[in-house]
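The block underneath contains the structure these notes are about, expressed in structure tokens.
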Amino acid sequence: MDVTAEQKGDAFVVTVNAARIDAAAAIQFKDRLREVMPAGVERVILDLGAVDFIDSSGLGAVVSVRKQMAAAQRMELAALQPNVDRVFRLTRMDTVFTIHDDLAAAVGHHAG
Amino acid sequence: MQVEGDASPASGRTDVIPDLRLAFFGTPLSVRRALARVREACAELGEADSGTVELALAEALNNVVEHAYSDRETGPVNLRLHHDGDAIRVVLRDHGAPMPVDGLPSGIPGDLPDSLFDLPEGGFGWLIIRDLAQDFAYRREGRVNTLTFRIPVLGPVA
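First to last, the protein sequences are chains A and B.
Count along the first sequence starting at 1, add 401, and that's the number in this note's numbering.
Count along the second sequence starting at 1, add 884, and that's the number in this note's numbering.
Now the structure itself:
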């Protein structure tokens, strides 16, 4: 799975360049995220702007990656398309993750 | 197929989507291909409805691949869709392990844990499908599982 990452301002932005995080892609997605994320990075923003479909397997993978980070680290999500946003809302994961409408705004946004 | 200007909102709604029958082996990649066909077939319902149908079916099919079948074993899956006015009726068959006798799973419990480190990484599937679909019925006949349900849709956008 094509995942790219770069530091932008105070955030480490991980961009998923794939249309689907489904059951066929979930394990790959998890592995790639672990590869690109440096240990100890404080604030990660997962840019899902290119993703138009996520299922419960993909959601489980996002949760799993977050759980492997330390409590002091933050994982936020940005640029969710409607079908992806809906999955986070249906499962109430929108109450667990900070979700930004827009990546540029998220990078500029220094949450207290 | 075309739904042109003569299709008033009240007419022709029941069969806007032609019946779809798909047969395939239950693997994650074949589920992905089946969902692409479903998405294409439901395109005329509009982005919101076709997304709903795809997501509900994704969860139902993932459940077959992960539970009825398993990592080591797969088998045939039959999927039938019928557009019935305000819903897509689904019949899903497989030859895998039976579902639990005490009924369909409800998904994860209603309350989320206080710490995100206690969050479940699975169990979201039934939470999603129960939100998007209704009128579930399951039966086991011989070695065949049949799950039927309805996915409410709004129909073609005007």
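Backbone N, C-alpha and C define an ideal beta-carbon position, used for all residues, glycine too.
Keep in mind the model is a prediction, meaning the values are calculated, not measured.
Simplified DSSP state of residue i, which is helix, strand or coil
| i | result |
| --- | --- |
| L1046 (chain B) | This structure leaves residue 1046 (chain B) out entirely; chain B is present only between 885 and 1042. |
| M885 (chain B) | In this predicted model, M885 (chain B) has a pLDDT of only 45, less than 50, meaning its place in the structure is not dependable; the value taken from the coordinates is given anyway. If DSSP states are grouped into helix, strand and coil, M885 (chain B) belongs with coil. |
| T1030 (chain B) | strand |
| R493 (chain A) | coil |
| L939 (chain B) | helix |
| P902 (chain B) | coil |
| R475 (chain A) | strand |
| L1019 (chain B) | Correcting the residue identity first, residue 1019 (chain B) is Asp in this sequence and not Leu. Correct three-state label for D1019 (chain B): strand. |
| Q408 (chain A) | strand |
| E924 (chain B) | helix |
| F454 (chain A) | strand |
| E957 (chain B) | coil |
| P439 (chain A) | coil |
| M402 (chain A) | coil |
Beta bridge counterpart(s) of residue i as assigned by DSSP
| i | result |
| --- | --- |
| N962 (chain B) | B:A907, B:R977 |
| F413 (chain A) | A:Q408, A:V445 |
| I1035 (chain B) | B:I972 |
| E931 (chain B) | Answer by DSSP bridge pairing: none, since E931 (chain B) is not bridged. |
| I500 (chain A) | A:L478 |
| I422 (chain A) | A:I455 |
| E950 (chain B) | Answer is none; E950 (chain B) lacks a bridge partner. |
| R1024 (chain B) | B:N1029 |
Interface flag, residue i vs chain A, CB-CB below 9 Å
| i | result |
| --- | --- |
| I1012 (chain B) | yes |
| F909 (chain B) | no |
| R916 (chain B) | yes |
| N946 (chain B) | yes |
| E928 (chain B) | no |
| L1016 (chain B) | yes |
| E924 (chain B) | no |
| A942 (chain B) | yes |
| L939 (chain B) | yes |
| V949 (chain B) | yes |
| G1009 (chain B) | yes |
Beta-carbon gap between residue i and residue j smaller than 9 Å
| i | j | result |
| --- | --- | --- |
| A425 (chain A) | R1014 (chain B) | no |
| L478 (chain A) | L449 (chain A) | yes |
| R1024 (chain B) | P989 (chain B) | no |
| P1050 (chain B) | N962 (chain B) | This structure leaves residue 1050 (chain B) out entirely; chain B is present only between 885 and 1042. |
| A454 (chain A) | G1039 (chain B) | Per the sequence shown, the amino acid found at residue 454 (chain A) is Phe instead of Ala. Cβ atoms of F454 (chain A) and G1039 (chain B): not closer than 9 Å. |
| R493 (chain A) | V466 (chain A) | no |
| M438 (chain A) | A406 (chain A) | yes |
| G910 (chain B) | G959 (chain B) | yes |
| V508 (chain A) | V485 (chain A) | no |
| F1020 (chain B) | L1011 (chain B) | no |
| V1028 (chain B) | R977 (chain B) | yes |
is_contact[residue i, chain B] using C-beta, thresh 9 Å
| i | result |
| --- | --- |
| R487 (chain A) | yes |
| T354 (chain A) | This structure leaves residue 354 (chain A) out entirely; chain A is present only between 402 and 513. |
| D456 (chain A) | yes |
| A473 (chain A) | no |
| G441 (chain A) | no |
| T492 (chain A) | yes |
| D423 (chain A) | yes |
| A462 (chain A) | yes |
| K515 (chain A) | It is not possible to answer for residue 515 (chain A), since the shown part of chain A is limited to 402 through 513. |
| N484 (chain A) | yes |
Any non-hydrogen atom of the ligand FMN closer than 8 Å to residue i Cβ
| i | result |
| --- | --- |
| P1004 (chain B) | The model depicted lacks the ligand FMN and carries no ligand whatsoever. |
Chain-ordered neighbours of residue i on chain E, where CB pairs are closer than 7 Å
| i | result |
| --- | --- |
| E1005 (chain B) | Protein chains A and B are contained in the structure displayed, whereas chain E is not. |
* Asked: Using 8 Å as the Cβ pair cut-off and three pairs as the minimum, do the stretch 1031 to 1038 of chain B and the stretch 930 to 943 of chain B touch?
  -> yes
* Using 8 Å as the Cβ pair cut-off and three pairs as the minimum, do the stretch 998 to 1017 of chain B and the stretch 920 to 933 of chain B touch? -> no
* Asked: Is the stretch 407 to 426 of chain A in contact with the stretch 456 to 464 of chain A, if contact means three or more CB pairs nearer than 8 Å?
  -> yes
* **Inter-stretch contact (C-beta, 8 Å, three-pair minimum) for the stretch 484 to 503 of chain A and the stretch 898 to 908 of chain B** => no
* Meets three-Cβ-pair contact criterion under 8 Å: the stretch 437 to 449 of chain A and the stretch 406 to 426 of chain A -> yes
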